[in-house]
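Report on one structure; see the data block that follows.
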Amino acid sequence: MQQIGRFAPSPSGRMHLGNVFSAMLAWLSIRSCGGTLVLRIEDLDPDRCRPAYADTLKRDLEWLGLTWDTEQAPQSRRSEAYREMFSRLEERGLIYPCYCSRTELHAASAPHASDGTVLYAGTCRNLTPEERAARTKAPCWRVRVPDEDVSFTDGVQGEYTQNLAHGCGDFILRRADGVYAYQLAVVTDDAEAGVTQVVRGSDLLSSTPRQIWLQRQLGFPEPDYYHVPLLIAPDGRRLSKRERDLDMGALRERYTPEALLGLLAHACGLLSHSEAVRADELAKEFSWRMVRKENIVIANP
Ligand SMILES: [Zn+2]
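Here the sequence shown stands for residues 240 to 540, where the numbers follow my numbering.
What follows is the structure, given as structure tokens:
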């Protein structure tokens with residue numbers, strides 16, 4: 240089967256070292272098996288994304304030699320497709336409006352999901368039509384999840400299981416302002432592009448069961464997942480976009496593309512020592528078995 244992978248950057252700032260690392264592995268995984276890569280700009284959230292960043296992201300990927308074959312329409316222009324998937328779920332009675340305020344959601348006793356977010360208590364799950372009609376606030380829309388385990392085998396992290404009811408609860412598919420949730424957008428986009436493998440940071444591992452469950456509800460095929468280790472500072476903090484010396488603006492002043500790829504390839508186990516290397520040279524030897532699964536300490540990039 241022809242493999243299709245994707246770059247799915249969010250234009251909320253300049254790429255940083257962690258994004259480069261995920262993009263490099265997505266590229267190597269696809270190029271090493273002769274597949275194709277789709278670029279998709281994930282600009283779903285109008286408050287956080289800027290068109291100018293999308294152009295910079297593309298220039299930065301090109302500078303690294305991480306090429307793509309086709310480009311999918313950006314998420315900001317695909318709300319019609321998301322609306323259709325939302326309607327399909329709605330017709331099956333899986334969606335309901337939620338009127339809870341932030342304070343209600345974060346009540347002191349609220350249990351927390353595996354990723355640290357507050358587990359939704361199901362307050363609005365069974366409101367009567369009269370109770371709904373009495374509300375004046377614009378609701379967000381949640382999907383009813385079953386008390387059921389979703390399991391998959393991750394290509395890096397191994398077996399992963401989450402009970403949706405206890406691990407995340409009924410989650411939001413459309414915000415009160417009409418913006419569709421990332422979970423719905425990403426499964427819709429991946430299915431449309433025929434994506435067969437998803438490579439991304441292990442911080443997203445706990446959201447994958449939600450996406451797999453949505454794929455099953457919508458009759459979409461399930462791609463293979465590879466959740467790659469995170470880059471962390473020596474004190475255990477995750478390297479983030481706030482560290483300006485690790486964004487591509489600063490990195491491009493200090494490294495050649497080959498030196499930067501070599502540093503990352505060495506850090507994750509693809510090279511025995513850090514040396515300048517082109518992406519296509521790495522692809523010749525690439526195997527997921529070589530990639531370590533533990534988070535990677537970056538001491539002095
Ligand atoms: Zn509610």
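Idealized CB from N, CA, C, for every residue including glycine.
Values in this document were obtained by computation on a predicted structure and should not be read as measured data.
{"Check": "Could you tell me the alpha carbon to alpha carbon distance between residue 257 and residue 243, rounded to whole angstroms?", "Outcome": "22 Å"}
{"Check": "From which residue to which residue does the alpha helix (DSSP H) around residue 336 run?", "Outcome": "No alpha helix (DSSP H) holds residue 336; the beta strand (DSSP E) holding it covers 334-337."}
{"Check": "What do you reckon, are the CB atoms on residue 467 and residue 440 nearer than 8 Å?", "Outcome": "yes"}
{"Check": "Compare the C-alpha of residue 362 against each of 455, 477, 315, 338 and name the closest.", "Outcome": "338"}
{"Check": "Could you give the DSSP three-state label for residue 486: helix, strand or coil?", "Outcome": "strand"}
{"Check": "Cβ-heavy atom distance between residue 362 and ligand 1 below 7 Å?", "Outcome": "yes"}
{"Check": "What residue does the alpha helix (DSSP H) around residue 319 start on, and which one ends it?", "Outcome": "318-330"}
{"Check": "Taking only the alpha-carbon atoms, compute the straight-line gap between residue 499 and residue 487 and give it to the nearest angstrom.", "Outcome": "10 Å"}
{"Check": "Taking 8 Å as the cut-off, decide whether the C-beta atoms of residue 408 and residue 335 are in contact.", "Outcome": "no"}
{"Check": "For residue 337, verify whether its CB is less than 7 Å away from any heavy atom of ligand 1.", "Outcome": "yes"}
{"Check": "Among 526, 470, 456, 271, which one has its Cα closest to the Cα of residue 305?", "Outcome": "271"}
{"Check": "What does the alpha-carbon distance come out to for the pair residue 464 and residue 450?", "Outcome": "11 Å"}
{"Check": "So what does DSSP say about residue 492, is it helix, strand or coil?", "Outcome": "helix"}
{"Check": "Pop quiz: residue 411 and residue 420 are said to be a contact at Cβ under 8 Å. What is the actual Cβ separation, rounded to whole angstroms?", "Outcome": "5 Å"}
{"Check": "Does the separation of the CB atoms of residue 314 and residue 269 fall below 8 Å?", "Outcome": "no"}
{"Check": "Assign residue 255 to buried or exposed, taking buried as 16 or more other Cβ atoms, counted over all protein chains shown, within 10 Å of its Cβ.", "Outcome": "buried"}
{"Check": "Evaluate the contact criterion for the segment 394-403 versus the segment 279-295: three or more CB pairs, one atom per stretch, below 8 Å.", "Outcome": "no"}
{"Check": "Tell me the rounded alpha-carbon separation between residue 324 and residue 340.", "Outcome": "26 Å"}
{"Check": "Check the C-beta distance from residue 294 over to residue 249 and give it rounded, since I have them as a contact under 8 Å.", "Outcome": "Between residue 249 and residue 294 the Cβ distance is about 14 Å, and since that is not below 8 Å, they are no contact."}
{"Check": "For the putative contact between residue 578 and residue 536, defined by C-beta atoms under 8 Å, what is the C-beta separation to the nearest angstrom?", "Outcome": "The structure shown does not extend to residue 578, since the chain spans only 240 to 540, so no value can be given for it."}
{"Check": "Distance, Cα to Cα, residue 445 vs residue 251?", "Outcome": "22 Å"}
{"Check": "Please name the residue in 515, 521, 452 whose C-alpha comes closest to that of residue 388.", "Outcome": "452"}
{"Check": "Could you check where the alpha helix (DSSP H) with residue 451 kicks off and where it finishes?", "Outcome": "447-457"}
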